[in-house]
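The structure appears right after this line, and notes come after that.
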Amino acid sequence: MNLADYIRERRARRGILLMTHAVVGYPSLEANRRMLDAMISADVDLVELQLPFSEPVADGPLFVKANLDALAGGASHGQYWNLFSETAARAPFPVLAMCYYNSAFRMGHAAFCERLRGSGGRGFIIPDLPREEYGDLEALSAENGLAAIQFFTPTSTDERMMRLAQGARGFVYCVARRGVTGSATELDRGLYDLLARYRRMTDLPLALGFGIASADDIRRLRGVVDIAIVGSALLRSWERGGEDAYRAHLTEMAQARYS
Amino acid sequence: MTQELFDFTKPGYYGQYGGAFVPEILRATLDELIAAFDAARADDQFWGAYVRELQTYSCRPTPVTPLPNLTKKLGGATICCKREDLNHTGAHKVNNVIGQGLLAKRMNKTRVIAETGAGQHGVATATMAARFGFECTIYMGAVDVRRQRPNVFWMEQLGATVVPIEDGSATLKDAINACLRDWSESMDSTHYVLGTACGPHPFPHMVSYFQSIIGQEARGQMLTQSGRLPDRVYACVGGGSNALGMFVPFIKNPEVELVGVEAGGHGIESGRHAARIPAHDIGVAQGYKTLFLQDDEGQMRETHSVAAGLDYIGVSPILAHLADTGRVRFTAARDDEAIAAAKLLIATEGIIPALESSHAFAGAIREAPSMRPDEIVLINLSGRGDKDIFTIADAIGDERWFSYLREMGARR
Ligand SMILES: Cc1ncc(COP(=O)(O)O)c(C=O)c1O
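Laid out in structure tokens, this is it:
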């Protein structure tokens, strides 16, 4: 089943889906495995694994630190793909790669797509690669059955979103506000209007990211978007209270999908 | 200006380099900037207003100074230099900053942000912001804050907020990332005054366009003063703005050899340098595709140069292309060569060069002796060296300076 259909099918049974995130190698590979255990227990719907990069321009302070500390701790492409394939093999949810473009560019588009497919990946999110710079990556991702995730943002014009939607597969990553990952987002009238605008631009499922932090946020987004993306908030729980705090926070958010 | 000098294979590309690799949130902002830049270039009043501002605020045209003592000492080519050090704030950086300031006004922005390495671009931006009435934030790597304290002091006096960046290598590249993050949020009110010919389109083009005033003037000055164009032109290459500003107006004269001098640090073989051209590693970071100092997995490497303004992972996509086509020849000068060149220029001509610019001199000093006296060498003296007093005094090991510092420290 393609990724969009998987999402639609699951979405028919749940008010909203949950996509979680981990920076591979931060705080450690062992910690990543325990985070992934928690994601499996919580039955999250999708997971993105981030390949650390030395210049993470789309990320806020917490993920910048995560990227740089992972690299300082020796994180490598080899470790990343090992954890990726191990996860894709054992987890029930689809796993997506999130990386900055230089990682894919240095591997080469074909090698990147083959490696990702070979590791059991279902798609990729590259925040610093606009569609017009895809080149043969668009065709190669289609050939490898990988969903190339596109972004809608509050500054995107309608015309631009229509162009991006043509290349989009799986779902569209909807950015909730200006800025980078990590800081809070007001779930207010302005945001709902924005989401209504996004909705008119594509038939693909919509995933909302940037600043979603609590079970309450998830409840308020039920029926408004298809997927809530949670990254920094969960990592912050791990930083504050370790595995227990992480599990508790994740379980609460996962339950907020229904109640 | 530069527009007709480059074959754009696609907009924003120079051969295989350039482009705009930014998060989608910034796409519309870059489009707005491209439109404003295009409109400004199409407006016959704009370039004139730019030049007038620089003439009345920043000592333009800066002179071309013959260097007879250095020429005699080296015993080869006839040497002269373009005096960008005489600009207001002491470097070529002000040219680009005034140009972008005028553009920011046309776009009705109320705030400007900038990265800075040496602090020159930060000081120039803070100065422009004070004059044009913009709010101003300067991002600067924490390592650079330590080695360029006098510039931090002046930026703050000029009313700018200076934010030290501790991430990564805490140098120029990290300050650029911080600017891109700020801009992702603040673009409605804010213009990002990128300080060199790098970053996403249209910055490489726009910065070269404004800086080309250097070469335009120098070209005319050479014709009047020497009756012909120089045989070789040298410029130091950090991001590439002073080099492109100098080179671009000579590009269509193949008889003029253009030489870019990168930071050789402790020597290329030591791995501690900032020479991006020799390894020829193409990558994408900080919004553009170019040659970066990076490892096999595309992680950016630590760079090193005694000159903070050259201590950077990437090089202008325009220069990367001109290196590929062979139009610009590249070489590197080590830290010790740059310091020796600075000492020589100070002693022979009474000119105190910035350590960045001293790399251009070091490149020329190495090659000029094997040239004929009827050959002319033009060096871009991109900035003055006052800001480097701590680094140069350190390198020279001046005991009286150290005891002065101790006394000053004891007084507080
Ligand atoms: C005096 C001076 N020269 C050169 C540079 C290097 O920059 P670019 O290569 O853009 O001219 C700097 C940068 O700070 C500088 O201050």
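Protein chains in written order, with the working numbering: chain A, -17 to 241; chain B, 453 to 864.
Note that beta-carbon positions come from the ideal geometry of N, C-alpha and C, so glycine has one too.
Quantities reported herein were computed from a predicted structural model and do not represent experimental measurements.
A contact is defined here as three or more CB-CB pairs under 8 angstroms, and the stretch 198 to 216 of chain A meets this definition with respect to the stretch 166 to 174 of chain A. Burial is judged here by how many other beta carbons sit within 10 angstroms of a residue's own beta carbon; B:D495 has fewer than 16 and is exposed. Residues of chain A with a Cβ closer than 7 angstroms to the Cβ of B:L857 do not exist; the shortest Cβ-Cβ separation is about 33 angstroms.
By the criterion of at least three beta-carbon pairs nearer than 8 angstroms, the stretch 703 to 715 of chain B is in contact with the stretch 800 to 820 of chain B.
Distance between B:R479 and B:D596, taken at the CA atoms: about 30 angstroms. From the beta-carbon of B:I477, the residues of chain A found nearer than 7 angstroms are T135, T137, V157 and R160.
Between ligand 1 and B:S810, a heavy atom-to-CB distance of less than 7 angstroms is absent. Each residue's CA atom was taken as its position, placing A:D51 and B:A784 some 32 angstroms apart.
Here DSSP, grouped into helix, strand and coil, assigns A:H3 to strand.
With 16 or more other CB atoms across the displayed protein chains lying within 10 angstroms of its CB, B:E505 is buried. For B:V575, the enclosing alpha helix (DSSP H) has its first and last residue at Q572 to F584. By the C-beta criterion, the stretch 629 to 646 of chain B is judged to be in contact with the stretch 470 to 485 of chain B, since at least 3 inter-stretch pairs fall below 8 angstroms.
Beta-bridge analysis with DSSP links A:Q61 to no other residue.
If you check the CB distance, B:G553 and B:F584 come in under 8 angstroms.
A residue is called buried once 16 or more other Cβ atoms fall within 10 Å of its Cβ, and B:G500, having fewer, is exposed.
With its beta carbon at least 8 angstroms from every one in chain B, A:V6 lies outside the interface. Checking the 7 angstroms criterion, the Cβ of B:A582 is out of range of every heavy atom belonging to ligand 1.
For A:L65, the Cβ stays outside the 7 angstroms cut-off from all heavy atoms of ligand 1. Scanning A:L128, A:W220 and A:A195 for the CA closest to the CA of A:R151 turns up A:L128.
For B:A649, the shortest C-beta to heavy atom distance toward ligand 1 is below 7 angstroms. Under DSSP, A:Q132 shares a beta bridge with A:V154. Measuring C-alpha to C-alpha distances from A:G7 to each of A:P43, A:I(-11), A:S58 and A:G213 identifies A:S58 as the nearest.
Here A:N(-16) is exposed. Its C-beta has fewer than 16 other C-beta atoms within 10 Å. Residue range S214 to Q237 is occupied by the alpha helix (DSSP H) that includes A:A236, with no beta strand (DSSP E) assigned at that position. Between the stretch 565 to 581 of chain B and the stretch 543 to 552 of chain B there are three or more C-beta pairs closer than 8 angstroms, enough to call the two in contact. Judged by beta-carbon spacing, B:N629 lies beyond the 8 angstroms limit of B:Q663, meaning their Cβ atoms are not closer than that value.
Contact annotation: B:I804 and B:K625 have beta-carbon atoms that are not nearer than 8 angstroms. By the CB criterion at 8 angstroms, B:V564 and B:A570 fall outside the cutoff. A:R181 and A:V207 have their C-alpha atoms some 9 angstroms from each other. According to the DSSP assignment, B:Y686 belongs to the beta strand (DSSP E) that extends over R684 to C688.
When C-beta distances to chain A are compared with 7 angstroms, the residues of the stretch 718 to 742 of chain B below that value are G735, V736, A737 and Q738, in chain order. Assigned with DSSP and collapsed to three states, B:A612 falls in coil, not helix or strand. A:L188 is bridged by DSSP to A:V154.
Around the beta-carbon of B:G690, 16 or more other beta-carbon atoms lie within 10 Å, marking it buried. Selection A:T184, A:A24 and A:F133 evaluated against A:I107 yields A:F133 as nearest (Cα-Cα). Between A:R222 and A:G193, the CB-CB gap reaches or exceeds 8 angstroms.
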